[in-house]
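The structure appears right after this line, and notes come after that.
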Amino acid sequence: MRRGAARGAAATLAALVLLLQAWAAPARAAAAAAPAAAPAPAASPGAEAAPADPRTLTYAPLKIGFPKPERVFLPNGLLVYLFEDHELPLIDVSIDFKAGSIFDPADKAGLADLAATLMRAGGTEAMPPAAVDEALEFMAAQIGLGASSDMLSGSVSVVKDRFPDALRIFAAMLRTPRFDPDRLQVEKARALEEIRRRYDDPGDLAEMEFRKLVYGAQSPWARLSTVESIGRIGRDDLAAWQRRYVRPNNAVMGVAGDFEPKKMKALLEETFRGWSNAKVTPPAVAKVRDDIPAGVHLVSRPLNQTQIEIGHLGVGRFDPDKFAIKILNFILGEGGFTSRLVKEVRSTRGLAYSIGGGVGLDSDRGLFQVSGSTKAGSTVEAIDLVRTILRQMRDPGATEQEVKEAKESSVNAFVFSVDGTVPYMHAYLFYDFYGYPPDYLQTYRDNLSRVTREQVVQAARKHLNPDRLVILVVGNDKGFDRPLASLGLGEPRPLRLDEAPPTRTD
Numbered sequence: 008m009r010r011g012a013a014r015g016a017a018a019t020l021a022a023l024v025l026l027l028q029a030w031a032a033p034a035r036a037a038a039a040a041a042p043a044a045a046p047a048p049a050a051s052p053g054a055e056a057a058p059a060d061p062r063t064l065t066y067a068p069l070k071i072g073f074p075k076p077e078r079v080f081l082p083n084g085l086l087v088y089l090f091e092d093h094e095l096p097l098i099d100v101s102i103d104f105k106a107g108s109i110f111d112p113a114d115k116a117g118l119a120d121l122a123a124t125l126m127r128a129g130g131t132e133a134m135p136p137a138a139v140d141e142a143l144e145f146m147a148a149q150i151g152l153g154a155s156s157d158m159l160s161g162s163v164s165v166v167k168d169r170f171p172d173a174l175r176i177f178a179a180m181l182r183t184p185r186f187d188p189d190r191l192q193v194e195k196a197r198a199l200e201e202i203r204r205r206y207d208d209p210g211d212l213a214e215m216e217f218r219k220l221v222y223g224a225q226s227p228w229a230r231l232s233t234v235e236s237i238g239r240i241g242r243d244d245l246a247a248w249q250r251r252y253v254r255p256n257n258a259v260m261g262v263a264g265d266f267e268p269k270k271m272k273a274l275l276e277e278t279f280r281g282w283s284n285a286k287v288t289p290p291a292v293a294k295v296r297d298d299i300p301a302g303v304h305l306v307s308r309p310l311n312q313t314q315i316e317i318g319h320l321g322v323g324r325f326d327p328d329k330f331a332i333k334i335l336n337f338i339l340g341e342g343g344f345t346s347r348l349v350k351e352v353r354s355t356r357g358l359a360y361s362i363g364g365g366v367g368l369d370s371d372r373g374l375f376q377v378s379g380s381t382k383a384g385s386t387v388e389a390i391d392l393v394r395t396i397l398r399q400m401r402d403p404g405a406t407e408q409e410v411k412e413a414k415e416s417s418v419n420a421f422v423f424s425v426d427g428t429v430p431y432m433h434a435y436l437f438y439d440f441y442g443y444p445p446d447y448l449q450t451y452r453d454n455l456s457r458v459t460r461e462q463v464v465q466a467a468r469k470h471l472n473p474d475r476l477v478i479l480v481v482g483n484d485k486g487f488d489r490p491l492a493s494l495g496l497g498e499p500r501p502l503r504l505d506e507a508p509p510t511r512t513d
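Following our numbering, the numbering of the sequence shown begins with 8 at its first residue and continues without gaps.
See the structure below:
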């Protein structure tokens with residue numbers, strides 16, 4: 008800083024100090040003149056004393072009022088749930104389609120993601136991309152579209168006065184996307200750059216390679232886009248994908264906010280009139296095979312930190328043990344600083360800054376996965392400790408106190424996941440989309456509360472297999488505390504990554 012500027016800053020600071028002193032002087036004078044506060048009255052005889060330990064305090068159960076949506080079918084077959092709420096002058100829309108990356112042709116991996124991106128960014132038949140962006144910016148509307156493994160999701164959020172205009176633009180994105188050629192080239196270039204940098208982050212690298220090891224490299228649940236697959240995707244592929252999946256009878260929609268139901272139904276019918284349904288039959292997806300290559304796998308990288316992934320297949324969404332698994336997960340690695348993994352690996356032994364994991368539930372089979380990072384010199388020690396914790400989760404298993412605390416925390420945390428009409432709408436649509444029972448959210452806390460220690464222990468013994476683990480290590484094996492082979496799981500199998508930079512395909 009220049010000397011003159013420094014003097015100016017010092018003068019300004021001095022002036023601020025004087026101003027604060029002048030402002031505080033009357034308050035100090037008033038405080039000095041005020042009479043002394045009267046002593047607190049002594050507790051009357053027989054009054055109940057405050058408990059010495061705050062952990063012994065008890066509270067009445069939290070009560071949640073679940074909005075009851077109005078269920079509507081538009082003439083074209085679109086299922087809509089209306090969540091009326093006049094607290095704020097806002098309206099939110101969410102829509103989910105059965106479509107996603109697991110249905111992509113193997114030679115065009117990345118199609119669903121690229122199609123969803125271009126539906127949002129590539130304009131509509133009536134409006135080029137720049138005009139769409141300008142219109143949405145003017146009305147301060149947020150619109151999103153994105154594809155996951157088995158779902159295409161879209162959303163709108165805008166003030167109620169602008170909602171009809173925003174809804175029409177959103178409907179045009181769904182029904183008549185332009186797939187602008189220039190934007191297509193931009194997004195393909197972006198996808199290629201993401202592929203080029205895919206392995207820059209050791210955590211991302213480990214996550215992707217772990218999925219490939221457990222599901223199989225060719226499984227749709229682990230398949231990655233490539234330079235070649237992106238290069239094969241053209242505008243005609245995007246248009247065909249949209250025609251195939253984006254149909255009203257393949258979707259469920261929710262509308263939440265400040266509206267009058269009768270007028271909203273009329274607006275929806277008008278906006279989506281002419282959007283025809285069709286038979287939607289996604290390609291068959293092979294069931295996940297439980298033939299994982301248990302053992303140790305190594306991606307050698309000159310790193311000071313080691314990324315570790317440990318696990319095997321998880322369970323499906325409707326596994327009968329799902330509520331016991333949720334409590335098990337909380338105790339094992341999803342309960343923050345109270346979980347065994349964090350307490351033992353991070354806090355007690357200081358072997359990791361972050362670690363966690365649990366048994367995943369997904370449409371076919373989720374993953375049981377423990378993820379963490381440690382310094383190179385404690386890599387094998389950390390892996391050994393995780394394996395020990397997994398064995399202890401099976402025998403002797405969780406304690407009564409752990410189960411009690413996990414249930415209380417999980418039940419209380421659930422409140423915040425559905426607090427407000429819009430979050431509740433998103434949760435409601437999610438479970439409706441996947442076919443959960445209609446009262447799933449209403450009975451969720453009761454189902455968690457009924458879980459017993461015995462059920463948690465049985466779930467651990469059934470779904471955790473410490474002797475059949477996939478262990479993936481990303482790091483510098485020359486700096487490890489001891490050889491990976493000392494784990495007793497055979498010699499580590501080296502993984503080779505194809506890291507050749509992508510070439511242009513246009």
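For every residue, glycine included, the Cβ atom is placed at its ideal position computed from N, Cα and C.
Check                                                                                                                                                                                 : Outcome
What's the gap between the Cα of residue 214 and the Cα of residue 83?                                                                                                                : 41 Å
In three-state terms, what does DSSP make of residue 136?                                                                                                                             : helix
Label residue 543 either buried or exposed according to how many other C-beta atoms from any shown protein chain fall within 10 Å of its C-beta, with 16 as the threshold for buried. : With the chain represented from 8 up to 513, any question about residue 543 goes unanswered, as that position is not in the structure.
Do residue 497 and residue 302 come within 8 Å of each other at the CB atom, strictly closer than that value?                                                                         : yes
Could you please give the first and the last residue of the uninterrupted beta strand (DSSP E) stretch that includes residue 448?                                                     : It is not in any beta strand (DSSP E) - residue 448 instead sits in the alpha helix (DSSP H) that spans 447 to 456.
Find the nearest neighbour of residue 107 within the set 166, 349, 227, 278, judged by alpha-carbon distance.                                                                         : 227
If you count every other CB in all the chains shown that lies within 10 Å of the CB of residue 269, and 16 or more means buried, which is it?                                         : exposed
Secondary structure at residue 428, three-state DSSP: helix, strand or coil?                                                                                                          : helix
So, are the CB atoms of residue 87 and residue 95 less than 8 Å apart?                                                                                                                : no
Based on Cα-Cα distance, which residue from 188, 229, 211, 449 lies nearest to residue 240?                                                                                           : 188
Can you tell me the Cα-Cα spacing of residue 63 and residue 405, whole angstroms?                                                                                                     : 22 Å
Roughly how many angstroms lie between the CA atoms of residue 176 and residue 280, to the nearest whole one?                                                                         : 14 Å
DSSP three-state call for residue 470: helix, strand or coil?                                                                                                                         : helix
Who are the Cβ neighbours of residue 324 in its own chain at under 7 Å, not counting the five residues just before and after it?                                                      : 368, 369, 370, 441
Would a C-beta distance cut-off of 8 Å place residue 491 and residue 480 closer than the cut-off?                                                                                     : yes
Look at the alpha carbon of residue 180 and the alpha carbon of residue 339, and state the distance between them as a whole number of angstroms.                                      : 43 Å
Put residue 495 into one of helix, strand or coil per three-state DSSP.                                                                                                               : coil
Work out the CA separation of residue 218 and residue 211 for me, nearest whole Å.                                                                                                    : 11 Å
Do residue 97 and residue 163 count as a contact pair if the criterion is CB distance below 8 Å?                                                                                      : no
Distance check for residue 91 and residue 114, CA to CA, integer angstroms please.                                                                                                    : 45 Å
Taking all protein chains shown into account, do 16 or more other C-beta atoms lie within 10 angstroms of the C-beta of residue 380, making it buried, or fewer, making it exposed?   : buried
Are there three or more Cβ pairs, one per stretch, closer than 8 Å when the stretch 470 to 478 is compared with the stretch 271 to 285?                                               : no
Which residues does DSSP list as the beta-bridge partners of residue 313?                                                                                                             : 381
Tell me, please, whether the CB atom of residue 249 is closer than 8 Å to any CB atom in chain B?                                                                                     : The question asks about chain B, but that chain is absent: this structure has only one protein chain.
Taking 6 Å as the limit between beta carbons, can you name the residues of its chain near residue 466, skipping five residues before and five after?                                  : 328, 331, 332, 335
If contacts are defined as beta-carbon pairs under 8 Å, then residue 476 and residue 318 qualify, I think. What distance do you get, rounded to the angstrom?                         : 7 Å
Counting pairs of Cβ atoms below 8 Å between the stretch 378 to 395 and the stretch 441 to 452, do you hit three or more?                                                             : no
Just the C-alpha distance for residue 271 and residue 201, rounded to the nearest angstrom, thanks.                                                                                   : 41 Å
With 16 other CB atoms within 10 Å as the buried threshold, where does residue 204 fall?                                                                                              : exposed
Is it buried or exposed for residue 26, if we count other Cβ within 10 angstroms and need 16 for buried?                                                                              : Low local confidence applies: a pLDDT of 37 at residue 26 is under 50, so the model's placement there is unreliable, and no value is given.
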